[in-house]
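When we follow the numbering used here, the leftmost residue of the sequence shown carries the number 83, and every step to the right adds one.
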Amino acid sequence: MATPIKEWSKLEVRAVVRFLFSKGTKPEIHKQIAETYGKAAMSRSRVYQWCTWFGEGRTSLGDEPKSGRRKHRPTRRTQLVLTNSLDVTGG
83 MATPIKEWSK
93 LEVRAVVRFL
103 FSKGTKPEIH
113 KQIAETYGKA
123 AMSRSRVYQW
133 CTWFGEGRTS
143 LGDEPKSGRR
153 KHRPTRRTQL
163 VLTNSLDVTG
173 G
């Protein structure tokens, strides 16, 4: 058995899923991903989700933009800048 790749990115694993999907090896994709990248790389259900998207014509490997407000917690510096820029007392 090959040695699992320890450092990988989501995009890399998704590209491999797309490649294997294009070769018609859908039933074996998760097994090959787990053997190559380890079990934490991508769940079986996520592999099937990506195969569905690729089958529907998706070509992008990146995450789709999320709707709604960004989850951002302002830093102390940002809070001070905002407070000072909003200070209209002129005093």
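Think of the CB as a built atom: it goes at the ideal place given N, C-alpha and C, for glycine as much as any other residue.
*asked:* So within the segment 99–131, which uninterrupted alpha helix (DSSP H) runs reach at least 4 residues, ignoring any that extend past its ends?
replied: 108–119
*Counting contacts by CB-CB distance shorter than 7 Å, is V163 in contact with chain D?*
The structure shown contains no chain D, having only a single protein chain.
_7 Å Cβ cutoff met for L93 and L143_ = Against the sequence shown, residue 93 aligns to sequence position 11. Against the sequence shown, residue 143 aligns to sequence position 61. Contact: yes.
*Just how far apart, CA to CA, sit E110 and P147?*
For the purposes of this step, residue 110 is taken as residue 28 along the sequence shown, with counting starting at 1. For the purposes of this step, residue 147 is taken as residue 65 along the sequence shown, with counting starting at 1. C-alpha separation (whole angstroms): 30 Å.
*Other residues of its chain near G120: CB distance less than 6 Å, five sequence neighbours each side excluded*: As a first step, residue 120 is located in the sequence shown; it is residue number 38 there, counting from the start. Only P86 meet the Cβ criterion.
*Nearest-angstrom Cα distance between R100 and T157?*
The residue labelled residue 100 in the question sits at position 18 within the sequence shown. The residue labelled residue 157 in the question sits at position 75 within the sequence shown. Approximately 39 Å, taken between the alpha carbons.
*Shortest alpha-carbon distance to T134 belongs to which of G106, E117, T118 and A84?*
As a position in the sequence shown, residue 134 is number 52, starting the count at 1. Comparing Cα-Cα distances from T134 to each of G106, E117, T118 and A84, the minimum goes to G106.
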